[in-house]
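Worksheet for the structure shown next.
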Amino acid sequence: MNPLWRGLLLALVALLLGGCLPVTSKSPLGTTAGLGADRALYGTWKGHNPDDPKAKDGYLHFMAGKDGALTAALVMADGGNDDGWTIFRVKTARLGGQNYLNAAMAFDKDAAAEGKLKDAIIPLAYVLRGDVLTLYVLDEEKVKAAVKAGKLKGTIEPGDSGDVTLADDPAALDAFFAKPEAMGLFKAMLVLKRV
């Protein structure tokens, strides 16, 4: 499987056959600050996982969605067996000077999101500098440590790769993620350039 596709699906969608989700949240980040659609993201972006410079590029297209949200289409089409697409419903917010993106999977190829994927909110951070967009995903081990230390409320499923779900109420969640140290829980996932 193409490294971009594998990395992005592991981070955003989950392994559909028994794998684990990335860190999810019961509430989107930025509820108290106001959720919206950052129009600066509109358009098509091309890029790959920054940890694998040999990875083939994939495409992420942001467009206007319903109810003040964005629709994001992730497309991987290199002519192989891994061709595919996934559609996300996205809302953005700004907390403490940091931009956040809340992604909820709507479709993977022709199938609507089901089970855990149906209601999962995947919080991401993003930095936009000119025509370069960097997406950051929550590091599962760091979030587990923050939950165990009482810095965040959440649930951790049993096992070494148990899913982590943030469970703070919206005000407490936003207060935590408005702090500069919250970015220490994230790791770079994708670096994309505007097409």
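Going by the numbering used here, the residue at position 140 of the sequence shown is 186; the numbering climbs one at a time, nothing skipped. The C-beta atom is built at its ideal place from N, Cα and C for all residues, glycine as well.
Those residues which DSSP pairs with residue i across a bridge
{"i": "S71", "result": "I167, L212"}
{"i": "F222", "result": "Answer is none; F222 lacks a bridge partner."}
{"i": "A150", "result": "R135"}
{"i": "Y105", "result": "K92, V121"}
{"i": "L141", "result": "Q144"}
{"i": "V173", "result": "T180"}
Helix, strand or coil at residue i according to DSSP, with G and I counted as helix
{"i": "A157", "result": "strand"}
{"i": "A57", "result": "Residue placement at A57 is poorly supported in this model, since its pLDDT is 45, which falls under 50; the coordinates are not used for a value here."}
{"i": "R52", "result": "Below a pLDDT of 50, predicted positions are generally treated as unreliable, and R52, at 42, falls in that range; the measurement from the model is reported next regardless. R52: helix per DSSP, three-state reduction."}
{"i": "G230", "result": "helix"}
{"i": "V237", "result": "strand"}
{"i": "L81", "result": "coil"}
{"i": "K197", "result": "coil"}
{"i": "A115", "result": "coil"}
Proximal residues to residue i (C-beta, below 6 Å), its chain only, five neighbours per side dropped
{"i": "L282", "result": "Nothing can be reported for residue 282: it is not among the residues displayed for the chain, which extend from 47 to 241."}
{"i": "H107", "result": "T90, A119"}
{"i": "V121", "result": "Y105, W131"}
Member of the options whose CA lies at the smallest distance from the CA of residue i
{"i": "L87", "options": "L170, G76, D177", "result": "D177"}
{"i": "F153", "options": "G82, A118, P226", "result": "A118"}
{"i": "L212", "options": "D185, G82, A234", "result": "D185"}
{"i": "A149", "options": "M229, A171, K199", "result": "A171"}
{"i": "L269", "options": "P68, A79, L67", "result": "It is not possible to answer for residue 269, since the shown part of the chain is limited to 47 through 241."}
{"i": "D206", "options": "A191, A195, G196, D215", "result": "A191"}
{"i": "R16", "options": "R240, A228, M229, T132", "result": "For the chain, the structure presents residues 47 to 241; residue 16 sits outside this window and is missing."}
{"i": "K259", "options": "Y146, V183, L141, M151", "result": "In the structure as shown, the chain begins at 47 and stops at 241. Residue 259 is therefore absent and cannot be evaluated."}
{"i": "T70", "options": "K162, D103, T77", "result": "K162"}
{"i": "R85", "options": "G130, I133, H94, K137", "result": "K137"}
{"i": "E227", "options": "P204, P216, V189", "result": "V189"}
{"i": "T77", "options": "H94, M229, K233, A217", "result": "A217"}
Alpha carbon of residue i to alpha carbon of residue j, nearest angstrom
{"i": "V210", "j": "F223", "result": "16 Å"}
{"i": "L231", "j": "A157", "result": "32 Å"}
{"i": "T201", "j": "A110", "result": "33 Å"}
{"i": "A221", "j": "L198", "result": "11 Å"}
{"i": "S73", "j": "D165", "result": "10 Å"}
{"i": "L116", "j": "E187", "result": "29 Å"}
{"i": "L236", "j": "A159", "result": "23 Å"}
{"i": "P169", "j": "P68", "result": "9 Å"}
{"i": "K194", "j": "D214", "result": "13 Å"}
{"i": "G208", "j": "G143", "result": "31 Å"}
{"i": "D98", "j": "L181", "result": "15 Å"}
{"i": "V173", "j": "L75", "result": "15 Å"}
{"i": "F134", "j": "P204", "result": "28 Å"}
Residues of its chain near residue i, where Cβ-Cβ distance is below 7 Å and the 5 sequence neighbours each way are ignored
{"i": "G114", "result": "G82, A83"}
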